[in-house]
Structure formats: structure tokens, C-alpha cells
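In terms of the numbering used here, the sequence shown opens at residue 1 and continues consecutively.
Notes follow the structure.
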Amino acid sequence: LTTLREPPMKPWSLIRSIESWLVLRGGAKFLFWLSWVLFHLLVFGLGFVSYQLSDNRVNARSLFGTTYALSGATSLVLHIDVIFILFPVCRNLISFLRSRMPGLNTIIPFDQAVTFHEAT
């Protein structure tokens with residue numbers, strides 16, 4: 001009489017553990033927040049370098065020092081937040097976009113903008 005054996009289990013690897021965690025614990029949300037933070041860090045870093053190295057800001061840098069580049073880069077990050085968080089919540093903007101481009105609502109879920117605004 002022959003018995004069927006189950007194939008041996010593969011040991012859990014780090015990648016398999018991460019995949020399992022992403023699937024079971026809402027990985028899309030985690031990846032979204034991770035990309036959001038990394039995007040902000042990228043904007044801040046590029047803005048800081050731009051404010052620190054540009055030739056037309058020599059007088060301001062000599063007066064304020066590194067804090068000038070720090071405040072300029074921070075303001076760039078706030079501008080990005082306004083673009084991605086506050087503009088989609090504006091009712092007038094949403095109404096204007098819906099009336100001008102009817103198919104746009106399938107691409108950009110405008111009704112979820114309020115939920116996103118409350119989450120951030």
C-alpha cells in the first residue's frame with residue numbers, strides 16, 4: 001500500500017514573511033504611506049540643495065545661514081501637501097473638474113478625497 005507524502009515545507013524566508021504580512025495586514029496602505037514619506041523626503045532634500053547652492057540667493061544665505069535653506073525646503077514640502085491634500089477637498093474644484101471632464105471621476109476617485117484628507 002502506497003501512502004502519499006506531502007512535499008516538505010520550505011522554510012520561511014524574510015521575503016516570504018514580508019509578502020505574507022503585506023497581504024494579511026493591509027500592505028497597500030503601508031506602501032502608500034511609505035511612498036508618501038519617501039516622496040516628501042525627496043522633495044525636502046532637493047529643495048534644500050537648491051536653496052543652498054543657487055547663485056541668486058547668496059545675500060539671503062549670508063544673512064540667515066543654513067536656516068534659509070531649511071525654511072525654503074520646508075515650505076516646498078508644505079506646497080506639495082497643499083497640492084495633494086487640500087486641493088482635492090475643495091468642492092468648487094471638484095465640481096469644476098466633474099463638469100469639464102466627465103470620465104475623470106473613474107480615474108481619480110474624488111469622493112475618497114475627504115477620507116484621504118481626514119487620514120492625513
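Every residue, glycine too, gets a C-beta built ideally from N, C-alpha and C.
- Message: Here's the rule: buried if 16 or more other CB atoms are within 10 angstroms of the residue's CB, otherwise exposed. What is G45?
- Response: Exposed: under 16 other Cβ atoms inside 10 Å.
- So, is A28 buried or exposed, given that buried needs 16 or more other C-beta atoms within 10 angstroms? Of the other Cβ atoms in all chains shown, fewer than 16 fall within 10 Å of the Cβ of A28; this residue is therefore exposed.
- Message: Contact defined as beta carbons within less than 8 Å: I believe H40 pairs with V82. What is the distance between those atoms, to the nearest angstrom?
- Response: Actually they do not touch by this definition, with Cβ atoms about 13 Å apart.
- alpha helix (DSSP H) containing D81: first to last residue? Element bounds for D81: T66 to D81.
- Grab the span of the alpha helix (DSSP H) containing E19 for me, first residue to last. Membership of E19 in the alpha helix (DSSP H) is indicated by the continuous run L14 to L24.
- Can you tell me whether DSSP reads G103 as helix, strand or coil? Note: G103 maps to coil in three-state DSSP.
- Message: Suppose you measure from the CA of T74 to the CA of G47; what does that come to, to the nearest Å?
- Response: Roughly 8 Å separates the two Cα atoms.
- Give the straight-line distance between the Cα atoms of S62 and L86, rounded to the nearest whole angstrom. Near 35 Å, if we compare the C-alpha coordinates of L86 and S62.
- Query: Hey, R98 and N105 are a contact pair by Cβ (cut 8 Å); roughly how many whole angstroms apart?
  - Reply: Rounded to whole angstroms, the Cβ separation of R98 and N105 is 6 Å, and the two are in contact under 8 Å.
- Item | Endpoints, alpha helix (DSSP H) assigned at V43 | For V43, the enclosing alpha helix (DSSP H) covers residues G27 to L53.
- Item | Cut-off 8 Å between Cβ atoms - residues of its own chain near R100, not counting five sequence neighbours on either side | Excluding the 5 residues flanking it on each side, R100 has no same chain C-beta neighbour closer than 8 Å.
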